[in-house]
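**Q** Numbering (the numbering used here), first residue to last: 58 to 146.
Virtual Cβ for every residue (Gly too), placed ideally from N, Cα, C.
Being a predicted model, the structure only gives us computed values, none of them experimental.
Please see the structure below; I have some questions.
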């Protein structure tokens, strides 16, 4: 999981956000490991959210975008399994 800490700006380039800091946190195993146990996948995502909670000010929680990006392992699953896993979490 990457945590990108950005500040909101309007500049001449039309950019809305400028990257201030990037924090990388990784938990193993990846989501694809939980294809047969969706509750464990949700638990793993909750563990990542706890890390993000510590890194992002509580005042910024509602305005902080969250993005779940697929890992190589997830892309190797069949489309049906990918969909079931992602919809389950």
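Within 10 angstroms of the Cβ of residue 91, are there 16 or more other Cβ atoms? Answer buried if so, exposed if not.
**A** Here residue 91 refers to the residue found at position 34 when the chain shown is read from its first residue. Buried.
**Q** Would you say the beta carbon of residue 146 is closer than 6 Å to some non-hydrogen atom of the ligand PLP?
**A** The model depicted lacks the ligand PLP and carries no ligand whatsoever.
**Q** Skipping 5 residues on each side, what residues in its chain have a beta carbon closer than 6 Å to that of residue 88?
**A** To locate residue 88, count along the chain shown from 1; it is residue 31. If we look at residue 88 and ignore the five residues flanking it on each side, its Cβ neighbours are 98, 131.
**Q** Hey, could you find the ends of the alpha helix (DSSP H) residue 110 is sitting in?
**A** As a first step, residue 110 is located in the chain shown; it is residue number 53 there, counting from the start. Where residue 110 is concerned, the enclosing alpha helix (DSSP H) stretches over 95 to 112.
**Q** Using C-beta distances below 7 Å, list every residue in its chain close to residue 95, excluding the 5 sequence neighbours before and after it, in chain order.
**A** For the purposes of this step, residue 95 is taken as residue 38 along the chain shown, with counting starting at 1. Excluding five sequence positions before and after residue 95, the CB atoms of its chain that fall closer than 7 Å to its own CB belong to 142, 145, 146, given in chain order.
**Q** Helix, strand or coil: which one does DSSP assign to residue 144?
**A** To locate residue 144, count along the chain shown from 1; it is residue 87. The three-state secondary structure of residue 144, taken from DSSP, is helix.
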